[in-house]
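Chains as they are written, first to last, in the working numbering: chain A, 32 to 146; chain B, 225 to 335.
These notes are about the structure you will find just below.
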Amino acid sequence: DTGVSQNPRHKITKRGQNVTFRCDPISEHNRLYWYRQTLGQGPEFLTYFQNEAQLEKSRLLSDRFSAERPKGSFSTLEIQRTEQGDSAMYLCASSLEGGRPDTQYFGPGTRLTVL
Amino acid sequence: RKEVEQDPGPFNVPEGATVAFNCTYSNSASQSFFWYRQDCRKEPKLLMSVYSSGNEDGRFTAQLNRASQYISLLIRDSKLSDSATYLCVVLPTSGTYKYIFGTGTRLKVLA
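Given below as structure tokens:
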């Protein structure tokens, strides 16, 4: 399977713990995006990378959230001191620069439950 | 006002029916438009891009009206397998690549 992959698929944690999610984009895609989706809502943009540079961050991305893409390939999203309001599906997507239109392909998501 | 608005539904239609969804967007400078399909607890999957001239893919037709700032999706001859949430997506302006999603419209096709 050469699509976007995410790990873990599910994560249950206690409030106050730190969690880290991983995303592996489609291999030739140089853009990578993180979104968050809660029940009954569409996905909301968190941040995106072009190669290893983080070019845009949403105000939803509080100081407790950090994302990295150190070598321009896979990315990690860390949430520190989790809160119950962080419970959501975290979706990763990737796209190829120069695509017309810029079409993003989504991974299966990591479902986070904070108890 | 939300940047992208959709009627959340649900739309319950019989098999074989034609159903249409609309979506409005607030930013007149928006560049690109898409419809994604999302099955329950799964990731969004691209259904089709939406072009100014309108485009068709089998039973699905998408239209863009820039003057009125809305996008539509028409599904003809509905199948049970079309049951899903349909997400309207807007790429707001050049220089950013973040998608703005509507809340989605739920469709249930009944046997």
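Even for Gly, the Cβ is constructed at its ideal location relative to N, Cα and C.
Nearest-angstrom Cα separation, counted from residue j out to residue i
i	j	result
A84(A)	R100(A)	7 Å
D301(B)	N289(B)	24 Å
F80(A)	L86(A)	6 Å
Q230(B)	L311(B)	8 Å
F245(B)	L334(B)	17 Å
F235(B)	G103(A)	42 Å
C54(A)	G326(B)	24 Å
Q115(A)	E59(A)	36 Å
T329(B)	L298(B)	13 Å
Q48(A)	G138(A)	24 Å
R67(A)	A241(B)	33 Å
Residues of its chain near residue i, where Cβ-Cβ distance is below 6 Å and the 5 sequence neighbours each way are ignored
i	result
E227(B)	S250, I324
S89(A)	F76, L77
Beta-carbon contacts of residue i that lie in its chain and below 7 Å, excluding the five residues immediately before and after
i	result
R147(A)	Outside the shown range of chain A (32 to 146) lies residue 147(A), about which nothing can therefore be said.
K45(A)	L146
T134(A)	S126
T248(B)	E229, Q293, Y294
D117(A)	I110, L143, V145
8 Å CB neighbourhood of residue i in its chain, flanking five on each side removed
i	result
R225(B)	S250
S252(B)	R290, Q293
Q255(B)	L315, P316, T317, S318
E128(A)	N61, R62, Q81
V237(B)	V243, S302, L331, K332, V333, L334
E239(B)	S302, K303, L304, V333, L334, A335
Cβ-Cβ distance between residue i and residue j below 8 Å
i	j	result
L77(A)	S106(A)	no
W65(A)	A119(A)	no
Q37(A)	F52(A)	yes
Y136(A)	V50(A)	no
L92(A)	Y121(A)	no
Y275(B)	P268(B)	no
P56(A)	S125(A)	yes
Q287(B)	S296(B)	yes
F284(B)	L270(B)	no
Where residue i meets chain B, residues with beta-carbon distance less than 7 Å
i	result
D133(A)	S256, L315, Y321
L122(A)	E267
Partner residues on chain A for residue i, Cβ-Cβ distance less than 9 Å
i	result
F325(B)	Y66, Q68, Q72, G73, P74, E75, F76
L311(B)	G73, P74
G328(B)	G71, Q72, G73
S273(B)	P132, T134
Proximal residues of chain B, C-beta to C-beta of residue i below 9 Å
i	result
R62(A)	Y321
Environment of residue i [buried if 16+ CB atoms lie within 10 Å]
i	result
Q262(B)	buried
I43(A)	exposed
C264(B)	exposed
D281(B)	exposed
L70(A)	exposed
T33(A)	exposed
G130(A)	exposed
G278(B)	exposed
Contact set between residue i and chain B, taken where Cβ atoms lie within less than 8 Å
i	result
G138(A)	E267
Y79(A)	Y321, K322
E87(A)	T320, Y321, K322
Residue i: contacting residues in chain A (beta-carbon distance under 8 Å)
i	result
L288(B)	The premise fails here: L288(B) is roughly 12 Å from chain A at the closest Cβ pair, so nothing lies under 8 Å.
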